[in-house]
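Engineer:
Number of protein chains: 2
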Amino acid sequence: MERRRRVPNPLALAVLAWLLWEPMHPYELGRRLKQTGKDRHIRYTRSSLYMVIEQLARAGFVTAQETVRDSARPERTVYAITEEGRHEVHDWLRSLLAQPREEYPHFAVALSLLSLLPPDEAVEVLRRRSAALAGRIEETRTTMDEARADGVAWIFLVEEQYALALLEAERRFVTELIESLKQPDYAKSWQETMGGRA
Amino acid sequence: MERRRRVPNPLALAVLAWLLWEPMHPYELGRRLKQTGKDRHIRYTRSSLYMVIEQLARAGFVTAQETVRDSARPERTVYAITEEGRHEVHDWLRSLLAQPREEYPHFAVALSLLSLLPPDEAVEVLRRRSAALAGRIEETRTTMDEARADGVAWIFLVEEQYALALLEAERRFVTELIESLKQPDYAKSWQETMGGRA
DNA sequence: TCCTGCATAGTCAGCACTGACTAAAGGAGC
DNA sequence: GCTCCTTTAGTCAGTGCTGACTATGCAGGA
Numbered sequence: 013m014e015r016r017r018r019v020p021n022p023l024a025l026a027v028l029a030w031l032l033w034e035p036m037h038p039y040e041l042g043r044r045l046k047q048t049g050k051d052r053h054i055r056y057t058r059s060s061l062y063m064v065i066e067q068l069a070r071a072g073f074v075t076a077q078e079t080v081r082d083s084a085r086p087e088r089t090v091y092a093i094t095e096e097g098r099h100e101v102h103d104w105l106r107s108l109l110a111q112p113r114e115e116y117p118h119f120a121v122a123l124s125l126l127s128l129l130p131p132d133e134a135v136e137v138l139r140r141r142s143a144a145l146a147g148r149i150e151e152t153r154t155t156m157d158e159a160r161a162d163g164v165a166w167i168f169l170v171e172e173q174y175a176l177a178l179l180e181a182e183r184r185f186v187t188e189l190i191e192s193l194k195q196p197d198y199a200k201s202w203q204e205t206m207g208g209r210a
Numbered sequence: 013m014e015r016r017r018r019v020p021n022p023l024a025l026a027v028l029a030w031l032l033w034e035p036m037h038p039y040e041l042g043r044r045l046k047q048t049g050k051d052r053h054i055r056y057t058r059s060s061l062y063m064v065i066e067q068l069a070r071a072g073f074v075t076a077q078e079t080v081r082d083s084a085r086p087e088r089t090v091y092a093i094t095e096e097g098r099h100e101v102h103d104w105l106r107s108l109l110a111q112p113r114e115e116y117p118h119f120a121v122a123l124s125l126l127s128l129l130p131p132d133e134a135v136e137v138l139r140r141r142s143a144a145l146a147g148r149i150e151e152t153r154t155t156m157d158e159a160r161a162d163g164v165a166w167i168f169l170v171e172e173q174y175a176l177a178l179l180e181a182e183r184r185f186v187t188e189l190i191e192s193l194k195q196p197d198y199a200k201s202w203q204e205t206m207g208g209r210a
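Protein chains in written order, with our numbering: chain C, 13 to 210; chain W, 13 to 210.
1) For Ser124 (chain C), return the contacting residues in chain W, with the cut-off set at a CB-CB distance below 7 Å.
2) Considering only their Cβ atoms, is the gap separating Ala181 (chain C) from Ala177 (chain W) smaller than 9 Å?
3) Thinking C-beta only, is Leu61 (chain C) closer than 9 Å to Val90 (chain C)?
4) By alpha-carbon positions, which one of C:Ala199, C:Val164, C:Arg141, C:Glu191 ends up nearest to Arg183 (chain C)?
5) Between which two residues does the beta strand (DSSP E) harbouring Arg88 (chain C) extend?
6) Evaluate Met206 (chain W) with the Cβ neighbour count: other Cβ atoms within 10 Å of its Cβ, from every protein chain shown; 16 or more gives buried, anything less gives exposed.
7) List the residues of chain W that Phe7 (chain C) touches, going by C-beta distances under 9 Å, in chain order.
8) So does Leu28 (chain W) have its beta carbon nearer than 8 Å to some heavy atom of the ligand MN?
9) Kindly confirm or deny that the segment 143 to 152 of chain W and the segment 98 to 117 of chain C touch, where touching means at least three C-beta pairs closer than 8 Å.
10) Hey, would you say Leu45 (chain C) sits closer than 9 Å to Ile54 (chain C), going by beta carbons?
11) Consider the Cβ of Ser59 (chain C): report whether some Cβ of chain W lies at a distance smaller than 9 Å.
12) Along the segment 139 to 150 of chain W, what residues have a CB closer than 8 Å to any CB found in chain C?
13) Residue range of the alpha helix (DSSP H) that Glu34 (chain C) falls in?
14) Counting contacts by CB-CB distance shorter than 9 Å, is His102 (chain W) in contact with chain C?
15) Please report the Cβ distance between Glu125 (chain W) and Ala92 (chain C), rounded to the nearest whole angstrom; I am assuming they are in contact, meaning their Cβ atoms lie under 8 Å.
16) Taking 8 Å as the limit between beta carbons, can you name the residues of its chain near Ile190 (chain W), skipping five residues before and five after?
17) Counting only beta-carbon atoms, is Ile167 (chain W) nearer than 9 Å to chain C?
18) Using alpha carbons as the reference points, say which of C:Ser192, C:Arg160, C:Leu23, C:Ser107 lies closest to Pro131 (chain C).
19) Strictly below 9 Å CB to CB, what residues from chain C border Phe73 (chain W)?
20) Residues in its own chain within less than 8 Å of Leu129 (chain W) by CB, not counting five upstream and five downstream?
21) Measure the C-alpha to C-alpha separation of Trp33 (chain C) and Arg106 (chain W) and round it to an integer number of angstroms.
22) When you compare only the Cα positions, how much space is there between Pro196 (chain C) and Gln203 (chain C)?
23) Just the Cα atoms here: how many angstroms apart are Thr48 (chain W) and Ser201 (chain W)?
24) Return the bridge partner residues of Thr75 (chain W) from the DSSP annotation.
25) For chain W, is any of its Cβ atoms less than 9 Å away from the one on Val137 (chain C)?
26) For Gln203 (chain C), does the three-state DSSP call read helix, strand or coil?
27) Find the residues of chain W that neighbour Leu31 (chain C), judging by a C-beta separation of less than 9 Å, and give them in chain order.
28) Which chain W residues sit within Cβ distance under 7 Å of Ala26 (chain C)?
29) By how many angstroms is the C-alpha of Asp103 (chain C) removed from the C-alpha of Val64 (chain W)?
30) Where Leu31 (chain C) and His99 (chain C) are concerned, what is the direct C-alpha to C-alpha distance, given to the nearest angstrom?
31) By Cβ distance below 7 Å, which residues in the same chain neighbour Lys50 (chain C) in space, the five residues on each side in sequence not counted?
32) In angstroms, rounded to a whole number, what distance separates the CA positions of Tyr174 (chain C) and Ala76 (chain W)?
33) In terms of residue numbering, what span does the alpha helix (DSSP H) encompassing Tyr56 (chain C) cover?
So, in structure tokens, the structure goes:
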């Protein structure tokens, strides 16, 4: 199906995409990722950034162009994307968009063990989640509104729109789940099967 | 906020939960994870299972009980959960349920780069995704129906229900996105800004 | 009787990732 | 002109994870 990528870390895709624009040194890349808020959807730390760029260089997707010593700053290596790198971006992007991947949200694991908790405790923690989700939904909406007010086109906000859709779906799910757990027959059957545990 | 877990891998939570039931050897644990389909929501391979159990033992959440040499099979070490382990399961479970974590779905990264693709190409790949999503939705529904027919209680299917809710939300999102991309003014503005690239 | 394939059970080398550290320059405050 | 904090820029040790490998028993066919 999907052949394994030479550098599977999604951070690598973002790096390649920025280098499509112009050559840059790692620190600059990191700054742009932060500034444009793209780091909200990618697991990003400075050390992993350097690691990933090293891997990209080994794979031949980028090349070290020059080592600049601007005035007196620590020296910075500027990287440029290669032809192979350009190809990789497009191929990877198409495949990520076309094929849903198995994702493993932590919440799903927790849900599969929900029966371990007494019903009232389960309801309590899920209420806390619901409130937290409401907060995130609010935040995301604000971010998007502000961006739109700054004239950012909708196409550059699709990933936020997607995050919002998922958050809202999860919130609906949690709300319904809480209702189900509050039914007296659930409490009863839980007592019968799990009540006598250590 | 959330203090870091000694063994953060979610597979560890599943392992501890099974050991709550009775002591077991690693291979047996793996078999049960597969049989009950819990491996669909956890990143699971045999090697990571052994690694995780080793980590749990170091952390004091499980202890090696005995090394059995049943007839002639390779010897198997049986592990039991400790008091600390029991505590960890409940604490971890509660915190996973109560606090939404930052998840980093690959699709979000891809979406943030959607503007790189020509509109008609974007529409084409997203249509493929939509079809794939429909397939998964169908599969999940079937799995759940079969389980229910076998008398499995709803509480043991919540994680599937959750997966279904997310899949359906994503499908709706993709459908709407395709419609937006098909608008002639998007093609026009894409031509203007991106048309003249390499 | 031998061979092949499959299920059981576990090990390990190599690489990826993270948190913590280094180090120099710029600027604020006194 | 001195001190201290922040920003810029990058390194590295330690640990975690994955794919590929090892090894044994057993069933069934030729």
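For each residue, glycine too, the CB sits at the ideal point set by N, CA and C.
Structural biologist: Per the coordinate set shown:
1) Taking the first sequence and counting its residues from 1, the one referred to as residue 124 (chain C) is at position 112. Near Ser124 (chain C) (Cβ distances below 7 Å), the residues of chain W are Lys50, His53, Glu171.
2) As a working note, residue 177 (chain W) is residue 165 in the second sequence. As a working note, residue 181 (chain C) is residue 169 in the first sequence. For Ala177 (chain W) and Ala181 (chain C), yes; Cβs fall inside 9 Å.
3) One-based indexing of the first sequence puts residue 90 (chain C) at position 78. One-based indexing of the first sequence puts residue 61 (chain C) at position 49. For Val90 (chain C) and Leu61 (chain C), no; Cβs fall outside 9 Å.
4) Mapped onto the first sequence, residue 183 (chain C) falls at position 171. Residue C:Arg141 is the option with its Cα nearest to Arg183 (chain C).
5) Residue mapping note: residue 88 (chain C) aligns to position 76 of the first sequence, counting from 1. Counting along the chain, the beta strand (DSSP E) containing Arg88 (chain C) begins and ends at 88 to 93.
6) Along the second sequence, read from residue 1 onward, the residue named residue 206 (chain W) stands at position 194. The residue is exposed, with fewer than 16 neighbouring Cβ atoms inside 10 Å.
7) Because chain C is modelled from 13 through 210, residue 7 (chain C) falls outside the range shown and cannot be assessed.
8) The ligand MN is absent from the structure shown, which contains no ligand whatsoever.
9) yes
10) Numbered from 1 along the first sequence, position 33 holds the residue referred to as residue 45 (chain C). Numbered from 1 along the first sequence, position 42 holds the residue referred to as residue 54 (chain C). It is a contact, given that the beta carbons lie within the stated cut-off.
11) Here residue 59 (chain C) is taken as the residue at index 47 of the first sequence, counted from 1. Closer than 9 Å: no.
12) Arg140, Arg141, Ala144, Leu145, Arg148
13) In the first sequence, residue 34 (chain C) corresponds to position 22, counting from 1. Careful: Glu34 (chain C) lies outside any alpha helix (DSSP H) and carries neither H nor E.
14) For the purposes of this step, residue 102 (chain W) is taken as the residue at position 90 of the second sequence. By this cut-off, His102 (chain W) is an interface position.
15) As a position in the second sequence, residue 125 (chain W) is number 113, starting the count at 1. As a position in the first sequence, residue 92 (chain C) is number 80, starting the count at 1. First, the amino acid is wrong: residue 125 (chain W) is Leu here, not Glu. Actually they are not in contact, since the Cβ atoms of Leu125 (chain W) and Ala92 (chain C) sit about 19 Å apart, beyond 8 Å.
16) Stepping through the second sequence from its first residue, residue 190 (chain W) is reached at position 178. Excluding positions up to five away in sequence, the list reads Val135, Leu138, Arg139, Ser142.
17) Position 155 of the second sequence, counted from the first residue, corresponds to residue 167 (chain W). Chain C contact via Cβ: present.
18) On the first sequence, position 119 is the one that residue 131 (chain C) refers to. Nearest option by C-alpha distance: C:Ser192.
19) As a first step, residue 73 (chain W) must be located in the second sequence, where it is residue number 61. Simply none; closest approach about 15 Å.
20) Here residue 129 (chain W) refers to the residue found at position 117 of the second sequence. Within the same chain, Leu129 (chain W) has close Cβ partners Val137.
21) Numbered from its first residue, the first sequence carries residue 33 (chain C) at position 21. Numbered from its first residue, the second sequence carries residue 106 (chain W) at position 94. One C-alpha to the other measures close to 45 Å.
22) For the purposes of this step, residue 196 (chain C) is taken as residue 184 along the first sequence, with counting starting at 1. For the purposes of this step, residue 203 (chain C) is taken as residue 191 along the first sequence, with counting starting at 1. So the alpha carbons of these two residues sit roughly 11 Å apart.
23) The residue labelled residue 48 (chain W) in the question sits at position 36 within the second sequence. The residue labelled residue 201 (chain W) in the question sits at position 189 within the second sequence. So the two alpha carbons sit approximately 51 Å from each other.
24) Residue numbering aside, residue 75 (chain W) sits at position 63 when the second sequence is read from its first letter. Thr75 (chain W) is bridged to W:Ala92.
25) Numbered from 1 along the first sequence, position 125 holds the residue referred to as residue 137 (chain C). Yes, its Cβ sits closer than 9 Å to a Cβ of chain W.
26) By 1-based counting over the first sequence, the position of residue 203 (chain C) is 191. Gln203 (chain C): helix per DSSP, three-state reduction.
27) Reading the first sequence from its first residue, position 19 is the one you call residue 31 (chain C). By Cβ distance, chain W contributes nothing, its closest Cβ being about 12 Å from Leu31 (chain C), past 9 Å.
28) Position 14 of the first sequence, counted from the start, is the residue given in the question as residue 26 (chain C). In chain order: Val121.
29) Sequence index remark: in the second sequence, residue 64 (chain W) carries index 52 (1-based). Sequence index remark: in the first sequence, residue 103 (chain C) carries index 91 (1-based). Near 35 Å, if we compare the C-alpha coordinates of Asp103 (chain C) and Val64 (chain W).
30) Along the first sequence, read from residue 1 onward, the residue named residue 31 (chain C) stands at position 19. Along the first sequence, read from residue 1 onward, the residue named residue 99 (chain C) stands at position 87. Straight-line Cα distance between these residues: approximately 13 Å.
31) Sequence index remark: in the first sequence, residue 50 (chain C) carries index 38 (1-based). Within the same chain, Lys50 (chain C) has close Cβ partners Ala26.
32) For the purposes of this step, residue 174 (chain C) is identified with residue 162 of the first sequence, where counting begins at 1. For the purposes of this step, residue 76 (chain W) is identified with residue 64 of the second sequence, where counting begins at 1. Taking the straight line from one Cα to the other gives about 45 Å.
33) The residue labelled residue 56 (chain C) in the question sits at position 44 within the first sequence. Looking at the DSSP string, Tyr56 (chain C) is not in any alpha helix (DSSP H), and its letter there is neither H nor E.
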